[in-house]
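Student:
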Amino acid sequence: MVAITLPDGSVRQFDGAITGEQLAASIGPGLAKAALAMKIDGQLLDLARAIEKDSAVSIVTKKDADGLELLRHDAAHVMAEAVQELFPKTQVTIGPAIENGFYYDFARTEPFTPDDLTKIEDKMREIVDRDEKIIREVWERADAIKYFKGIGEDYKAELIEGLPASEPITVYKQGKWLDLCRGPHLPSTGKLGKAFKLMKLAGAYWRGDSKNEMLQRIYGTAWGDEKQLKEYLTMLEEAEKRDHRRLGQEMDLFHIQEEARGAVFWHPKGWTVYRSIQSYIRRRLDEAGYVEVNTPMLVDSVLWQKSGHWDKFRHAMFVSESEERALAIKPMNCPCHVQIYNQGIKSYRDLPLRMAEFGACHRNEPSGALHGLMRVRAFVQDDAHIFCTEDQVKSETKSFIELLRTVYKDFGFNEVKVKFSDRPPVRAGSDETWDRAENALKEATAAAGLDWELNPGEGAFYGPKLEFVLRDAIGRDWQCGTLQADFVLPERLDAEYVGEDGAKHRPVMLHRAILGSFERFIGILIENYAGKLPLWLTPLQVVVATITSDANEYAADVAKTLQKAGLRVETDLRNEKINYKVREHSLGKVPIIAVVGKKEAEERTVALRRLGGNNQEILALAEAADRLRAECAPPA
RNA sequence: GCCGACGUAGCUCAGGGGUAGAGCAACUGAUUCGUAAUCAGUAGGUCCGCGGUUCGAUUCCGCGCGUCGGCACCA
Numbered sequence: 013m014v015a016i017t018l019p020d021g022s023v024r025q026f027d028g029a030i031t032g033e034q035l036a037a038s039i040g041p042g043l044a045k046a047a048l049a050m051k052i053d054g055q056l057l058d059l060a061r062a063i064e065k066d067s068a069v070s071i072v073t074k075k076d077a078d079g080l081e082l083l084r085h086d087a088a089h090v091m092a093e094a095v096q097e098l099f100p101k102t103q104v105t106i107g108p109a110i111e112n113g114f115y116y117d118f119a120r121t122e123p124f125t126p127d128d129l130t131k132i133e134d135k136m137r138e139i140v141d142r143d144e145k146i147i148r149e150v151w152e153r154a155d156a157i158k159y160f161k162g163i164g165e166d167y168k169a170e171l172i173e174g175l176p177a178s179e180p181i182t183v184y185k186q187g188k189w190l191d192l193c194r195g196p197h198l199p200s201t202g203k204l205g206k207a208f209k210l211m212k213l214a215g216a217y218w219r220g221d222s223k224n225e226m227l228q229r230i231y232g233t234a235w236g237d238e239k240q241l242k243e244y245l246t247m248l249e250e251a252e253k254r255d256h257r258r259l260g261q262e263m264d265l266f267h268i269q270e271e272a273r274g275a276v277f278w279h280p281k282g283w284t285v286y287r288s289i290q291s292y293i294r295r296r297l298d299e300a301g302y303v304e305v306n307t308p309m310l311v312d313s314v315l316w317q318k319s320g321h322w323d324k325f326r327h328a329m330f331v332s333e334s335e336e337r338a339l340a341i342k343p344m345n346c347p348c349h350v351q352i353y354n355q356g357i358k359s360y361r362d363l364p365l366r367m368a369e370f371g372a373c374h375r376n377e378p379s380g381a382l383h384g385l386m387r388v389r390a391f392v393q394d395d396a397h398i399f400c401t402e403d404q405v406k407s408e409t410k411s412f413i414e415l416l417r418t419v420y421k422d423f424g425f426n427e428v429k430v431k432f433s434d435r436p437p438v439r440a441g442s443d444e445t446w447d448r449a450e451n452a453l454k455e456a457t458a459a460a461g462l463d464w465e466l467n468p469g470e471g472a473f474y475g476p477k478l479e480f481v482l483r484d485a486i487g488r489d490w491q492c493g494t495l496q497a498d499f500v501l502p503e504r505l506d507a508e509y510v511g512e513d514g515a516k517h518r519p520v521m522l523h524r525a526i527l528g529s530f531e532r533f534i535g536i537l538i539e540n541y542a543g544k545l546p547l548w549l550t551p552l553q554v555v556v557a558t559i560t561s562d563a564n565e566y567a568a569d570v571a572k573t574l575q576k577a578g579l580r581v582e583t584d585l586r587n588e589k590i591n592y593k594v595r596e597h598s599l600g601k602v603p604i605i606a607v608v609g610k611k612e613a614e615e616r617t618v619a620l621r622r623l624g625g626n627n628q629e630i631l632a633l634a635e636a637a638d639r640l641r642a643e644c645a646p647p648a
């Protein structure tokens, strides 16, 4: 007897082993049709597998997240089958499901063209119509290697060779085609449905290593039904309109040109946003007990050699020279901060010492990495280094996390992804040092109640790091805030303090930034708000627009009053219809239009119109000034 | 850096081996108007750069530069 517990808690008894298909059919014909896979005691398996002992089983359909992921994985397989049918000399490599879709990496001498994508998509639909049964087989390792080598699938053979001996080698057959795969899979290609679309072509290195050959990756998206697919495509279109590069141009915030790749020309409006953010963050740092410094832009390579950066990052540093000495344009502020720390003798009483700098840094990022404001070669961070004792790491980390939360909340980011990156393969410092650093950070995050996901091996060469990640309009993640515990640099640059015991000790350095670079953070802000920045950040807060020239003089009065109230104001006295002015400033994302005509001039009032709204509010000028001043004030 | 696509007016884009096209913006003039486009006119181009093929190249070919999408990288 086999007793199967279903998700609703009910238990079904069967005489013996039963397959998922049979189970689904026993529950109902609708479910049998919708069934894609099953979950036995939490393990996802093919429907054709037998349930042999008492267990908790749920039938997975495309309404489940697991089902959708399976569907996407199958889409990758169907695409691979289509590709090999159309382009027989192509080798398949790997093809997983990813967020919103799937990809498959192919090895082929000829590049795929955008036209090929259409052909492949058509062929995929054909394969779905064929409704090929998907069958799992377990093969002998040696046979599998021999088979894949025999048909010229060298990458697959290499994959099998790399699998642990304990792992069974499974292949999935669909029609005449088969692929090495761990599974599970849908029962047949027909279950995939047709709510998929091939999206883009890209190069990708075999096994993610730039030393390996480059494969051709085809990305696709796949959904449970046409409606979901359409919604997703519409969402993408909308997201494109939020792209900070597009809005930056439309809103006249900044530009980048080829004579200064990866460096930003901030226009007056963009620079106003930048300055607002900077004075806000400066206030927060003052409140949190930081001191601000400023250090040289050009520093002798000797210092970078001592710090260890020269060895690891020489290739990405801009170097100049003077009197036969190599001078590096600073890629970061930390070694300079240690130089200030090292002036005079530090006592344990001086710690923690929180040293901030808005220093302009330059890194020669690979050309292919450059991306609008998000990845630049010249940038400024809200950078600071906290020199503290090992005992203080926990409390300093905790208060940093609290400060970061306050700041992110003020900018409207309430949900932030946090990654914990631990020791990388190539690193400085002993394992004991890394143990201490990693533990200290982990304890501090626990104390601050911060959840994170592990990002194994991605720490900085001198220490583990916490990364605070924000998402752009089309779902790309960018590291903004960071905290890195560094036990190495103080050693290398000989920083010390006199302890309570009268002996000399090494301080710990916490490298930390909240916004990360101003450039990237502004990029994220623009996308997050689709250009409609909060009042305190928006470059132009109020436009005073006249209805006819009769009100010109009064409009100037209004603008002056609002300016005195600390607002960023312009007047629009042009001989244009009010409709025209409203449209233009609305498209320019000006949050408040103060309309003044003959009536307002006589009564000394203004008609305030909010962006996106279609009614107005008539207020006495003095009251309007008071109210807008309060509304436009930065967060307290 | 690697793979692919793309590069035409300030912007968005069409075109195509034979003197370069639209809309918006700009400029000029008229219009004084009540909450998302008033009308008319004018001007605007090394068709990314260099080389080749051709009687003739913005168009075809090659190389370079840049942009975009991924990959790799990200102190």
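Just so you know, we're using the numbering used here here: the first sequence kicks off at 13 and counts up by one.
Note that the Cβ used here is the ideal one computed from N, Cα and C, for glycine as well.
1. Just reading off the alpha helix (DSSP H) that Ile413 is part of, what are its end residues?
2. Thinking C-alpha only, which one of Phe425, Leu315, His517, Ala542 is nearest Cys492?
3. Which runs of the beta strand (DSSP E) at least 3 residues long sit entirely within the region 469-500? Give them in chain order.
4. What residue range does the alpha helix (DSSP H) around Ala650 cover?
5. List the whole-angstrom C-beta distance separating Phe118 from Gln228, where the pair is believed to meet the contact cut-off of C-beta under 8 Å.
6. Look at Glu450 and Pro468 and say whether their C-beta atoms are less than 8 Å apart.
7. So is Lys74 buried or exposed if we call it buried at 16+ other beta carbons inside 10 Å?
8. CA-CA distance, Val285 and Glu612?
9. Using only the alpha-carbon positions, how far apart do Leu495 and Leu245 sit?
10. Going along the chain, which residues of its own chain have a beta-carbon closer than 7 Å to the beta-carbon of Ala94, five neighbours each way excluded?
11. Given that a residue counts as buried once 16 or more other Cβ atoms are within 10 Å of its Cβ, and exposed if not, what is Glu335?
12. In chain order, which continuous runs of the alpha helix (DSSP H) of length 4 or greater are located wholly inside the region 294-336?
13. Is it right to say His256 is buried, meaning 16 or more other beta carbons lie within 10 angstroms of its own, or is it exposed?
14. Can you check whether the CB of Val419 is closer than 8 Å to the CB of Glu531?
15. Using the beta-carbon count (16 or more within 10 Å), is Asp395 buried or exposed?
16. If we ignore side chains and look at the alpha-carbon of each, how far apart do Asp76 and Arg142 end up?
17. For Ala642 and Met521, what's the separation of their Cα atoms in angstroms?
18. Could you tell me which of Leu80, Ala568, Ala619 sits nearest to Leu241, measuring between CA atoms?
19. Enumerated in chain order, which unbroken segments of the beta strand (DSSP E) with a length of 3 residues or greater are wholly contained in the region 152-193?
20. Using only the alpha-carbon positions, how far apart do Gln355 and His517 sit?
21. Quickly, what does DSSP pair Leu2 with across the bridge? List them, please.
22. I need the DSSP call for Phe425, collapsed to helix, strand or coil.
23. From which residue to which residue does the alpha helix (DSSP H) around Met247 run?
24. Can the beta-carbon of Phe114 be found less than 8 Å from the beta-carbon of Ala92?
25. Cutting at 7 Å between CB atoms, please list the residues of its own chain near Ser359, excluding the five before and the five after it.
26. Measuring CA to CA, which of Tyr184, Arg120, Lys209, Ile172 is closest to Arg84?
27. Classify Thr617: buried if its beta carbon has 16 or more other beta carbons within 10 angstroms, exposed otherwise.
28. Under three-state DSSP, which class holds Gln261?
29. Hey, which unbroken runs of the beta strand (DSSP E) at 3 residues or more fall wholly within the region 93-146?
30. By how many angstroms is the C-alpha of Leu204 removed from the C-alpha of Asp78?
31. Just to confirm my understanding: we take Arg504, look at its own chain, exclude 5 residues before and 5 after, and list those with CB closer than 7 Å. What are they?
32. Around the Cβ of Ser519, are there at least 16 other Cβ atoms within 10 angstroms (buried) or fewer (exposed)?
33. What's the C-alpha gap between Trp278 and Glu299?
34. Since Phe330 contacts His267 with CB under 8 Å, what's their CB separation in whole angstroms?
35. State buried or exposed for Leu192, treating a residue as buried only when at least 16 other CB atoms are found within 10 Å of its CB.
36. Roughly how many whole angstroms lie between the Cα atoms of Gly21 and Ala15?
Tutor: Put simply:
1. 405-422
2. Phe425
3. 477-483, 489-498
4. Given that the chain is displayed from residue 13 to residue 648, the structure contains no residue 650 and the question cannot be resolved.
5. 5 Å
6. no
7. buried
8. 31 Å
9. 36 Å
10. Ile132, Lys135, Met136, Ile139
11. exposed
12. 313-319, 321-325
13. buried
14. no
15. buried
16. 25 Å
17. 40 Å
18. Leu80
19. 181-186, 189-192
20. 16 Å
21. Residue 2 lies beyond the residue range present for the chain, which begins at 13 and ends at 648; the question has no answer from this structure.
22. coil
23. 238-253
24. no
25. Tyr509, Val510
26. Lys209
27. buried
28. helix
29. 113-119
30. 14 Å
31. Lys318, Ser319, Gly320
32. Contrary to the premise, residue 519 reads as Pro rather than Ser in this sequence. Its Cβ being crowded by 16 or more others within 10 Å, Pro519 is buried.
33. 28 Å
34. Wrong, their Cβ atoms sit about 22 Å apart, outside the cutoff.
35. buried
36. 12 Å
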